[in-house]
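>
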Amino acid sequence: MAIQPIDLQTIYSQMSNVAKNVAHQQNGNQLTQAMQENVAVQQEQERLSQVHKTAENEANTSQVKDEGHQNSSFQNQKNQKKSKEEEHEKKKLTEIRESFLGQNIDISR
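Numbering of the sequence shown is given in the numbering used here, commencing with residue 23 and proceeding in unit increments.
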């Protein structure tokens, strides 16, 4: 089936319409891509402008000991655990407990 001149005449008349549609589609794609990029840039700027709290471990890393050495986060954590354990032991030593406590339950009320 060969192409007749009448067929070409119809195709040539529609070429401008097809070209316009393709140009609009390409412009539309470029516009949506540009809008998405703008939104991404705005979100990144908002994220960077926010102030974030540092963790306590990170905040204490720059402290200096009495000896003049800096605390590392690992040593700082060890010291905190030791001090908590020592406080707990001191509380145990000062705590006085009666041997009968918790043995009898008064249900008369």
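Every residue gets a Cβ at the ideal spot worked out from N, C-alpha and C, and that includes glycine.
#1: By how many angstroms is the C-alpha of residue 52 removed from the C-alpha of residue 35?
#2: Measure the C-alpha to C-alpha separation of residue 50 and residue 59 and round it to an integer number of angstroms.
#3: Straight-line CA distance for residue 48 to residue 61?
#4: Note down the Cα distance separating residue 121 from residue 127, rounded to an integer number of angstroms.
Reading off the structure:
#1: Mapped onto the sequence shown, residue 35 falls at position 13. Mapped onto the sequence shown, residue 52 falls at position 30. For residue 35 and residue 52, the distance between alpha carbons rounds to 28 Å.
#2: Sequence index remark: in the sequence shown, residue 50 carries index 28 (1-based). Sequence index remark: in the sequence shown, residue 59 carries index 37 (1-based). Distance from the CA atom of residue 50 to the CA atom of residue 59, rounded to whole angstroms, is 14 Å.
#3: Here residue 48 corresponds to residue number 26 of the sequence shown, with the count starting at 1. Here residue 61 corresponds to residue number 39 of the sequence shown, with the count starting at 1. Approximately 20 Å between the Cα atoms of the pair.
#4: As a position in the sequence shown, residue 121 is number 99, starting the count at 1. As a position in the sequence shown, residue 127 is number 105, starting the count at 1. Spanning the two alpha carbons is a distance of roughly 14 Å.
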